[in-house]
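All you need for the numbering used here is the position in the sequence shown, starting with 1, plus 26.
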Amino acid sequence: MFSKDIPYEVNSFSIDETKTGKKMGRLTLKNPEDNTLLNCVLWEEKIPTMPERFFRTGNIVKILSGTYNETYKNCNIDQIKLLKIAKLGLDEEETEAYWQKLVSYINRIQNEKLRTFVADLFETHKEHFKIAPAAKQMHHNFIGGLLVHTVEVAEFAEKNLALFPSPHNEDDIYAACLLHDFGKLFEYTLDQETGKIDYNPDFQKQWLSHTQYGFTICMAQGFVGVARQIAAHHGRTDWGAIIDLGEKNLEPELYFLHLMDNLSAKFGKISISYFETPAPENEDIIPF
Ligand SMILES: [Fe+2]
Ligand SMILES: [Fe+2]
Numbered sequence: 027m028f029s030k031d032i033p034y035e036v037n038s039f040s041i042d043e044t045k046t047g048k049k050m051g052r053l054t055l056k057n058p059e060d061n062t063l064l065n066c067v068l069w070e071e072k073i074p075t076m077p078e079r080f081f082r083t084g085n086i087v088k089i090l091s092g093t094y095n096e097t098y099k100n101c102n103i104d105q106i107k108l109l110k111i112a113k114l115g116l117d118e119e120e121t122e123a124y125w126q127k128l129v130s131y132i133n134r135i136q137n138e139k140l141r142t143f144v145a146d147l148f149e150t151h152k153e154h155f156k157i158a159p160a161a162k163q164m165h166h167n168f169i170g171g172l173l174v175h176t177v178e179v180a181e182f183a184e185k186n187l188a189l190f191p192s193p194h195n196e197d198d199i200y201a202a203c204l205l206h207d208f209g210k211l212f213e214y215t216l217d218q219e220t221g222k223i224d225y226n227p228d229f230q231k232q233w234l235s236h237t238q239y240g241f242t243i244c245m246a247q248g249f250v251g252v253a254r255q256i257a258a259h260h261g262r263t264d265w266g267a268i269i270d271l272g273e274k275n276l277e278p279e280l281y282f283l284h285l286m287d288n289l290s291a292k293f294g295k296i297s298i299s300y301f302e303t304p305a306p307e308n309e310d311i312i313p314f
């Protein structure tokens, strides 16, 4: 919904080029009250007047002047007011706390070969994994977002597994929770100064997706049960899964990881705003 009264949260920002070679800023704003998204456009002449830090994901802004276009269902922005600058991501203490939780889930894996495989992967890519985002704009799109998301999926799994009477392979489930998005390390690039997240074109030349990456590295080591959960974690082939959960006679674990992943992506700490401390009264910044 377009309103000049709503303090919106910046969801994503990118600069594209139109067919005529004109630069155009694409800004998506989220109404934190109902999580609806508002697509906005900033034309070339407006972009230099608004510093890049205005559009950092998680910032809180108000539209001072703009018009809503019913045909294109977007808002043409003329002036924007920055109310609060978001954190770029987890601080050192938060990162360490999440890392320790991640390690504790690795250590739950009883099978030594599988535990060593998972532990070695995380140890090798430790510093990168601590800062990687989980997405460009959908969820956990901040520095450390992939770490938060991965731990959440394992936590949701732990809570739910405790309720199930039927036997299940916990080793495979925890390994799949921890590795399901591991390929995202290489799927995205991150500018640590601005927090800007982009797709890594080199990854796309070698791999189809992070799902294919995770599936492949697990299959290569003979961890078929883990690989199959990763293959199905996006639920539908239309949504990037290799195994479609609409197929018949699939093992229950395949649905489980998909559901835990979805819970984290929808109800976890999906935005950096969950890690914010309240801004001081005088935080308002008006650039015009
Ligand atoms: Fe994924
Ligand atoms: Fe995920």
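Glycine residues also receive a C-beta, built at the ideal position from the N, C-alpha and C atoms.
Under 7 Å between C-beta atoms of residue i and residue j
i: F28; j: C101; result: yes
i: G84; j: E178; result: no
i: K185; j: I89; result: no
i: L285; j: A258; result: no
i: I86; j: K113; result: no
i: G240; j: F208; result: yes
i: L283; j: Q255; result: yes
Proximity to residue i [Cα-Cα], best of the options
i: G51; options: K127, I32, I73 and E196; result: I73
i: D270; options: T237, S290, I243 and A246; result: T237
i: Q126; options: K152, I298 and I106; result: K152
i: I243; options: K274, A201 and T220; result: A201
i: Y98; options: V67, T142, E118 and H166; result: V67
i: N288; options: V129, H166, I32 and I111; result: H166
i: A36; options: E43, K48 and T62; result: The question names Ala, but residue 36 is Val in the sequence shown. Cα-wise, what sits closest to V36 is T62.
i: H150; options: A123, E138 and L211; result: Looking at the sequence provided, one finds Thr at residue 150 rather than His. Out of A123, E138 and L211, L211 has the C-alpha closest to the C-alpha of T150.
i: I157; options: M164, S130, L116 and L147; result: L116
i: G92; options: W69, F81 and E43; result: W69
i: N170; options: F182, I223 and F190; result: First, the residue type needs correcting, since residue 170 is Gly and not Asn in the sequence shown. When each option's Cα is compared against that of G170, the closest is I223.
i: I21; options: S235, E71 and K231; result: The structure shown does not extend to residue 21, since the chain is modelled only from 27 through 314, so no value can be given for it.
i: E59; options: I41, R79, P33 and E43; result: P33
i: E290; options: K49, F229, L189 and E181; result: The identity of residue 290 in the sequence shown is Ser, whereas the question assumes Glu. If we check each option's Cα against that of S290, E181 comes out closest.
i: D104; options: T121, E71 and S130; result: E71
i: M245; options: Q163, H206 and G272; result: H206
i: T121; options: F81, N137 and F168; result: F168
Residue i versus residue j: straight-line alpha-carbon distance, rounded
i: A160; j: Y225; result: 11 Å
i: L187; j: N195; result: 10 Å
i: D310; j: N57; result: In this prediction, D310 scores a pLDDT of 48, lower than 50, which makes its location untrustworthy; no coordinate-derived value is stated.
i: K274; j: D264; result: 17 Å
i: T54; j: K45; result: 21 Å
i: N65; j: I132; result: 40 Å
i: P313; j: K107; result: Reliability of the predicted coordinates at P313 is poor, the pLDDT of 48 falling under 50, and no value is obtained from them.
i: H175; j: S299; result: 15 Å
i: F249; j: A145; result: 14 Å
i: N95; j: M76; result: 21 Å
i: P306; j: I135; result: Residue confidence is low: P306 scores 48 on pLDDT, short of 50, so the model does not pin down where it sits. No coordinate-derived value is stated.
i: R262; j: G221; result: 30 Å
i: S297; j: E119; result: 18 Å
i: F148; j: F155; result: 7 Å
i: A253; j: H260; result: 13 Å
i: Q232; j: E43; result: 26 Å
i: L204; j: P227; result: 25 Å
i: L128; j: R79; result: 31 Å
i: I41; j: S130; result: 41 Å
i: L173; j: T142; result: 19 Å
i: F229; j: K162; result: 15 Å
i: L189; j: E138; result: 26 Å
i: L276; j: M164; result: 28 Å
i: K49; j: G272; result: 42 Å
Neighbour-count burial assignment, residue i, 16 or more Cβ in a 10 Å radius
i: D198; result: buried
i: G47; result: exposed
i: N308; result: Per-residue confidence for N308 stands at a pLDDT of 46, beneath the threshold of 50, marking its modelled position as unreliable; the derived number appears in the next sentence. Burial call: exposed.
i: E213; result: buried
i: A123; result: exposed
i: S192; result: exposed
i: L140; result: buried
i: L216; result: buried
i: F81; result: buried
Contact test: residue i Cβ vs ligand 4 heavy atom, cutoff 6 Å
i: A267; result: As far as ligands go, the structure on display features ligand 1 and ligand 2 and does not contain ligand 4.
Whose CB is closer than 5 Å to a heavy atom of ligand 2? List the residues in chain order.
Selection output, chain order preserved: D207 and D287.
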